[in-house]
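Chemist: The structure follows.
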Amino acid sequence: MVQIKRWGIDVLGDEIFEDDIVLEFPNGDIVLAENIYEYAMRIFGAKEFVAK
19 MVQIKRWGID VLGDEIFEDD IVLEFPNGDI VLAENIYEYA MRIFGAKEFV
69 AK
């Protein structure tokens, strides 16, 4: 059985495991690379829309 080591939790509450790609920001926030879009939307208060 392969055991994956738990590394921590990112600022959005997702678990980080060994070998996951994470980004660390100057304010100390750590975010999984796959969560960067959601993180940016929350931090900057951006609104998503479709250009028409």
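Count along the sequence shown starting at 1, add 18, and that's the number in the numbering used here. All residues carry an ideal CB built from backbone N, CA and C; glycine is no exception.
Distance, Cα to Cα, K65 vs A58?
Modeler: Numbered from its first residue, the sequence shown carries residue 65 at position 47. Numbered from its first residue, the sequence shown carries residue 58 at position 40. Between K65 and A58, the C-alpha separation is close to 10 angstroms.
Chemist: Can you check whether the CB of I48 is closer than 9 angstroms to the CB of L41?
Modeler: In the sequence shown, the residue the question calls residue 41 occupies position 23. In the sequence shown, the residue the question calls residue 48 occupies position 30. For L41 and I48, yes; Cβs fall inside 9 angstroms.
Chemist: Quick check on DSSP: helix, strand or coil for I34?
Modeler: If you number the sequence shown from 1, residue 34 lands on position 16. Three-state result, I34: strand.
Chemist: Taking the CB atoms as reference points, tell me whether L50 and D32 lie closer together than 9 angstroms.
Modeler: Residue 50 sits at position 32 when you count from the first residue of the sequence shown. Residue 32 sits at position 14 when you count from the first residue of the sequence shown. Yes.
Chemist: Assuming contact is defined by CB atoms lying nearer than 9 angstroms, are N53 and L30 in contact in what I supplied?
Modeler: Residue numbering aside, residue 53 sits at position 35 when the sequence shown is read from its first letter. Residue numbering aside, residue 30 sits at position 12 when the sequence shown is read from its first letter. In contact: N53 and L30 (Cβ atoms closer than 9 angstroms).
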